[in-house]
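Participant: Take a look at the following structure, please.
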Amino acid sequence: MRKDEGQLPSKIEQRDARTLSIIWADGIESLIDVRALRLACGCANCVDEWSGDALLAPHSVPSDIAPVGIQSVGRYAIQIDWSDGHSTGIYPFERLRKLADDGLLEAQATKTDGLTNGAS
Numbered sequence: 017m018r019k020d021e022g023q024l025p026s027k028i029e030q031r032d033a034r035t036l037s038i039i040w041a042d043g044i045e046s047l048i049d050v051r052a053l054r055l056a057c058g059c060a061n062c063v064d065e066w067s068g069d070a071l072l073a074p075h076s077v078p079s080d081i082a083p084v085g086i087q088s089v090g091r092y093a094i095q096i097d098w099s100d101g102h103s104t105g106i107y108p109f110e111r112l113r114k115l116a117d118d119g120l121l122e123a124q125a126t127k128t129d130g131l132t133n134g135a136s
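Numbering-wise, the sequence shown is residues 17 to 136 according to the working numbering.
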């Protein structure tokens, strides 16, 4: 497998209301918080194209934001229709993988160890 082929997803699905799962061709699974993904939109409405400064204020993105549609853009990206009406962002796979690998889009995981409160 070529290095860049590992950055192609083999499966993308919404795991729950807050989490998008991407399984990459190299077998790695990225669990992505959908609000963090919305905040990472790099389109011209969300990021100033000259300065690179964020135009999207975090407080303007609802905590219950959700994808309402996900489409492929060629073999290099996905485009997401969001519940807040935003739909102009394109998320290249290479950028998604880097953000996920860097932990910048990581969904919060709950660890269950089988113990209950008050157990001795």
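We put the beta carbon where it would ideally sit given N, CA and C, even for glycine.
Just so we're clear, the structure is a prediction, and the values are computed from it rather than from any experiment.
#1: Grab the span of the alpha helix (DSSP H) containing residue 111 for me, first residue to last.
#2: Does the Cβ-Cβ distance between residue 96 and residue 86 come in under 7 Å?
#3: Is it right to say residue 31 is buried, meaning 16 or more other beta carbons lie within 10 angstroms of its own, or is it exposed?
#4: Expressed to the nearest angstrom, what Euclidean distance is found between the alpha-carbon atoms of residue 34 and residue 51?
#5: Can you name, in chain order, every residue of its own chain whose Cβ lies under 7 Å from the Cβ of residue 108, other than the five neighbours on each side?
#6: Which class does residue 52 belong to by DSSP, given the choice of helix, strand or coil?
#7: Use the C-beta contact count for residue 46: other C-beta atoms within 10 angstroms, 16 or more gives buried, fewer gives exposed.
Facilitator: By the coordinates alone:
#1: 109-117
#2: Contact: yes.
#3: exposed
#4: 7 Å
#5: 92 and 93
#6: helix
#7: Residue 46 should be labelled buried.
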